[in-house]
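Per the numbering used here, residue 159 is the first one in the sequence shown, and the count goes up by one each step.
C-beta atoms are modelled at their ideal positions from N, C-alpha and C, and glycine is treated no differently.
Notes to accompany the following structure.
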Amino acid sequence: MTKGRSGAVAAVTRHNAQARCAVSPRRSAPLEIQTSVEDGGETDCDDTVDESEGLETDSPREVKAKSSQETLACLSLTMEPDLFCLKCLEYLELAHPTLVLQAVEKVLRSQIEDISSSTARKVIAVAARLMGSDANMPLDTKQAASDVLVAVGCGFPGEVLQTMCVIDEDVQPEIMWLNTLAHLLRANVSGTMPHLLNVLTRLLPQMVNVLSVHSVEAHSRAPVQVALCSVLTSACTSLQEYVSGPGGSADPTVKKQDFAPVIDSAFETILKCWLVLDGRNLQSLRLQETLVGALAAMSPLLSPETLQANVTQLVAASVEVYKHSSNGEALGQNVRQILLAALEPGFTSHHVAIYSSVDRLLRALHQEICARQETRPPVDEDNAVLSSLTLLANAFPKKVAKFIVGQLKSSSEPGRAGSAAMLAHLLRAAGKADSLAPRGPGEPSFYGPSSTIFCKILEGRRAQLKEQVPEILHAVQPCLPHLTDRQLRVVAHIVSQCPEELTKALLNEALPLDRSSRVLWRALGSESKMSRRLLAFLMRKLPRDPAEDCVSTARRTLAVTTAMQELLAVPGGTGPFQRVFPRLFGALLLHTDCREEIPQEAGTPSQDTPREPSISREIVLALKALLARAKLRKATDQLKQEAAWAKLRSPDSHPEGVRLLARAMVEHAGPQLPGIMEVLVPSLSSDREQHRVTATAFFSEVSMWLRAALTAPRSAVLQLLGGSEKPLLKSLKRRAQDPCVRVRLLLFQGIERSTAAQVTEHGRELLAILCSGLQDADVADRQAVLGALSALSQVLPHLRRDSVSRDVAAGVLERITALWEREEAELRCAGATVLGNLCRCPAVTAHIRHELQVALVQLALHLQDPSPEVTQACLLTLNNSGSVLDLDTVRTLISRNQDRGALFVDGFLEDLAAFLASDFPEALDGAFSCVLDCLNSRSPAVRANAAVFTESLINKNLLGRRQWQEVVRALTRAKQEESDALAKSCTAQALENCSASQCQSAATQPVWKRLFSPQGDGRRLGRTLPSELNDCVPEPPLANEVP
């Protein structure tokens, strides 16, 4: 048969086979495959075709092979994949093994999920046997078997690797085996990962074995070394991809650090044994490239110690191979991997190790880039060579900049072109190569050609140069006289398109500002839109929190406020400017309390600037300029008259200055007030104490003046605050327990200045704030408590009844009575006074009348306080207790126990007990508990009075059995622990009477009978108050009651 005729027959056969496959459904029953191709047998897909003369024909073997191939293709479409593979294995020896294996591979790649594990194991065994057969086996058959193993390994990686890793350490490994393993590691990354460590561990002896077989020549070892490096490269690349995925390692048992020991061993074997041994003779350039490539691939997975010890040698090997091969892409790939590993954040020692090799690397990279400028297409931005350059520039910007600048001076045109390409790439890259761009025009010695290249680059890359503006300005400043007009226009255009970056650069200028800097700032502020943008930017630059570096914080604050002054000094319309006014006002106000200053040497004084810049001074000046720019002339005049600006600058009077400023804003800047308050509200809860002080001072004044102001900003403010001042009051309530005493004082002072109308409307909220401020009154700061008490006294007369709840009233009373045990006489005195105000407040007495009666009894026990002022306050409160007790009766009791102006306390306490028992019996239980507590008072006089009052309750038989038992226990314990003589005597007398009362014995005459005996002067046996205290006790009118 001629060749042409055979081709025709094959074409017709293929067509018919395809047609039959298209109409035959897939069957699961076994089909007989006629495989006797050598005997001229036909498959069930063959058709008989008439021979045509004159056509070229293939050889009979080729025709039969193609027929078998078509038959296999047909059967793969009509049979189940699992059955097809098994049938192919049965007839593998009879048909063309290569074709059969290729057909099996195709099915495995496309339908591996349909293959059973038992079939997979049979396929693996057959393919492994064929691939490992002797040299007589055709290479294409072995390769087909290898491909089958890779294909089945995509679904059954463990089974394949288990078969392939049965290695004899004393026998040199088959190259085909190694290549198959390398391909499988890349084909199924995730599936092979759990087995990878075992694979690498088994390969290590083979790497050593390659050199131990002395009978094998170097040229015979090279293919095996290349294959082993291929496995290592595939393994390291796959492992790196696996552990560096978006979610990290999918298998938690696969950890990068677990591979370090085995990879370290393989790395050192190649670097110190293979590379050195074969590197001396340079017998195989391909081998050298492969070895260095494998080392570079392993570098990201090495232990830090191994990498640091060998990185210099590794870089040297990469550069040395490049010198002989000129393979720039291999150089870039290798260097990039090495740098990514060596420059990983957190390993500064690696930076030090790589530093000595930077120049060598730059020369090699520069050589490759220069070569590409002449003989190759333009360098792609993703090129590994340029990526390596970027990594070096990020880590060593000054060293890279110095190298490029030096090359730009080169007399070689290719050298300059390559340097310009390097510079252009770094301008386009990200990050940290900021200093490279401006160094081009920044060197006065070569400002001619290099600055031309620089400007050409700038023209096309303006948008990418924002972060380079500070360096550009700094670099071009010394050589501005030498640049051409065109170059100046380019630089000027760049910086004008990046005002924020220009602002950053100007903020780093020396302070105080010289004339040129001030002129530049004012030029930026001449356009209102840009001015607003820059002012907003400057606000963000003000430090939000106290920094550890006070000098740095102070300098930044001063630089920002100085710049603001210059921007605000430019005349302009106020319309667009109003948008930024509230935020700018709030930012400046919060920094008026800045006390840090810059050391004198931090600035560079000039003739037209102040010698010692002051932050507080500059901030106040900026605030004044802000009000002037907003045309708030009346406000500025008022603040000047009240000396508010000077008060803002003084630490002692700063809150007063803030209050005056708040009042001026309420009166003259009503439309801006809502925006200002919105800016300042978060500062009430700031972590910075000074900000809380400032915000509290501002709001405490605003809350008072909102109703008193004659202008009408209140509706807008109320809209901001949700319809009322209550949300603001809730924010202020949290400041009542602020750890800063000054904040609490400012809050209480603001409440104290509230008008009667404000208290009437917001009494509930104000009382809650003051109650919160008196929390822990027994230990709280003296000034804060006094401020809260003073404000409370102002608020009480104006409270409505529905503004006070029982819980709040009881809470206030509890905090007031706790003050009587404080060491500070001021607090005891204030507590006594406020109790009187509570007793005269109908809104309070309506809820806690009985509690107030008990409190008055407790107050009576303090009539002999060591401080005359406290005693006087107690008498004043008892004389003016309102309707809580029968006022006339109380005054009568005081009068009947006076003799020649002196008050007999014992007699008064006894009469008070009798008075309570007869007129207010419901208060006796509370009084009983209170008096027992007072037996443990810190004051000996109070303990003595408590014993006397207890004795009075006993003598009048006012105690039940349970109460009597409690009294006995309390008096017994008090007598044992008492150290004061008078208190101990009173306690013993009360205890004695308690026992006598229990035995109904009259042997001991009660104390009250002795004091009230009409005979003799027995009353004088009791303790008295000095007559001058009674004489100075006034009788003020009752507080006005608010219905």
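- Task: Excluding the 5 residues preceding and the 5 following G490 in the sequence, name in chain order all residues of the same chain whose CB lies nearer than 6 angstroms to its CB.
- Result: So the list reads A542, V543, S546, once near-sequence residues are dropped.
- Would Y480 be called buried (16 or more neighbouring beta carbons within 10 Å of its own) or exposed? Buried is the label assigned to Y480, since at least 16 other Cβ atoms lie within 10 Å of its Cβ.
- CB of I562 within 8 angstroms of CB of L585, strictly: Pairing I562 with L585 gives a Cβ-Cβ distance that is not under 8 angstroms.
- Query: Along the chain, where does the alpha helix (DSSP H) that runs through F417 open and close?
  - Reply: Bounds of the alpha helix (DSSP H) holding F417 are 414-427.
- Buried or exposed: which applies to R1207, given that a residue is buried once 16 or more other Cβ atoms fall within 10 Å of its Cβ? An answer regarding residue 1207 cannot be provided, because it is not within the stretch 159 to 1201 covered by the chain.
- Task: Look at the alpha carbon of P1000 and the alpha carbon of L944, and state the distance between them as a whole number of angstroms.
- Result: Taking the straight line joining both Cα atoms gives about 23 angstroms.
- Assign L671 to buried or exposed, taking buried as 16 or more other Cβ atoms, counted over all protein chains shown, within 10 Å of its Cβ. Buried: at least 16 other Cβ atoms inside 10 Å.
- Message: Let's see if you can read the secondary structure: which residues bound the alpha helix (DSSP H) around L244?
- Response: From DSSP, the alpha helix (DSSP H) with L244 extends over 239-248.
- Item | Bridge partner(s) assigned by DSSP for A1060 | For A1060, which the question treats as bridged, DSSP gives the partners D1057.
- Presumed contact (8 angstroms Cβ cut-off) between M365 and T427, rounded CB distance: With 8 angstroms as the limit, M365 and T427 qualify as a contact, their Cβ atoms being about 5 angstroms apart.
- Message: Output needed for T391: all residues of its chain with C-beta closer than 7 angstroms, excluding positions within five of it in sequence on either side, in chain order.
- Response: Counting only Cβ-Cβ distances below 7 angstroms, and skipping sequence neighbours, we find G451, A452, A455.
- Query: Who are the near neighbours of A1132 in its chain, counting only those whose CB is closer than 6 angstroms to its CB and skipping five residues on each side?
  - Reply: Excluding positions up to five away in sequence, the list reads L1093, T1145.
- If you draw a straight line from the C-alpha of A1081 to the C-alpha of V1015, how long is it? The straight-line gap from Cα to Cα measures roughly 10 angstroms.
- Query: Terminal residues of the continuous alpha helix (DSSP H) containing N1115?
  - Reply: Counting along the chain, N1115 falls outside any alpha helix (DSSP H), and DSSP gives it neither H nor E.
- By DSSP, does V450 sit in helix, in strand, or in coil? It is helical.
- Look up K798 in the DSSP assignment and say whether it is helix, strand or coil. Correct three-state label for K798: helix.
- Report yes or no: do the segment 708-720 and the segment 824-841 share at least 3 C-beta pairs separated by less than 8 angstroms? Segments in contact, no.
- How is the alpha helix (DSSP H) around I834 delimited, first residue to last? That run of the alpha helix (DSSP H) goes 831-838.
- Test item: CB-CB of L977 and L971 under 8 angstroms: For the pair L977 and L971, the CB atoms are not nearer than the 8 angstroms cut-off.
- Task: Taking 8 angstroms as the cut-off, decide whether the C-beta atoms of D298 and T256 are in contact.
- Result: Cβ atoms of D298 and T256: closer than 8 angstroms.
- Task: Can you grab the Cα-Cα spacing for the pair R964 / S808, in whole Å?
- Result: When rounded, the distance between both Cα atoms is 44 angstroms.
- Query: Taking the alpha-carbon positions, what's the C929 to V1106 distance?
  - Reply: Counting only the Cα atoms, V1106 lies some 33 angstroms from C929.
- Between the CA atoms of S476 and I191 - distance to the nearest angstrom: Note that I191 scores 44 on pLDDT, short of 50, meaning its location in the model is unreliable; the coordinates nonetheless yield the value given after this. Those two C-alpha atoms are separated by around 56 angstroms.
- Same chain, Cβ closer than 8 angstroms to L358, five either side skipped, listed in chain order: L390, A393, F417, V420, I421, A424, listed in sequence order.
- Message: Cutting at 6 angstroms between CB atoms, please list the residues of its own chain near A935, excluding the five before and the five after it.
- Response: Closer than 6 angstroms at the Cβ level, and outside the excluded window around A935, lie V943, R973, A976, L977.
- Task: Work out the CA separation of G316 and A500 for me, nearest whole Å.
- Result: The alpha-carbon separation between A500 and G316 amounts to approximately 34 angstroms.
- With DSSP as the reference, label N666 as helix, strand or coil. When secondary structure is reduced to three states using DSSP, N666 falls in the coil class, being assigned neither helix nor strand.
- Query: Rounded to whole angstroms, how far is the Cβ of L904 from the Cβ of A855, which I believe are closer than 8 angstroms?
  - Reply: The beta-carbon separation of L904 and A855, rounded to 5 angstroms, stays under the 8 angstroms limit for a contact.
- Quick one: using the 10 Å Cβ neighbour count with 16 as the cut-off for buried, is L443 buried or exposed? Under this definition L443 is an exposed residue.
- If we ignore side chains and look at the alpha-carbon of each, how far apart do P458 and P503 end up? Rounded to whole angstroms, P458 to P503 spans 13 angstroms at the Cα level.
- Item | 8 angstroms CB neighbourhood of T1035 in its chain, flanking five on each side removed | Take T1035, set aside five residues on each side of it, and the residues of its chain with a beta-carbon closer than 8 angstroms to its own are A990, T991, L993, G994, C997, L1014, L1017, in chain order.
- Test item: CB-CB of A345 and G311 under 8 angstroms: Yes; because the gap between Cβ atoms is below 8 angstroms, this pair is in contact.
- Query: Alpha carbon to alpha carbon, how far is S514 from V473?
  - Reply: Their backbone Cα atoms lie some 10 angstroms apart in a straight line.
- Going by CA-CA distance only, name the one from R1096, G1040, V1126 that's closest to S1137. The option with the nearest alpha carbon to S1137 is R1096.
- Query: When you compare only the Cα positions, how much space is there between A303 and G349?
  - Reply: Roughly 20 angstroms separates the two Cα atoms.
- Looking only at C-alpha atoms, which of L925, R940, D939, P840 sits nearest to R959? Selected option, being the one with the closest Cα: L925.
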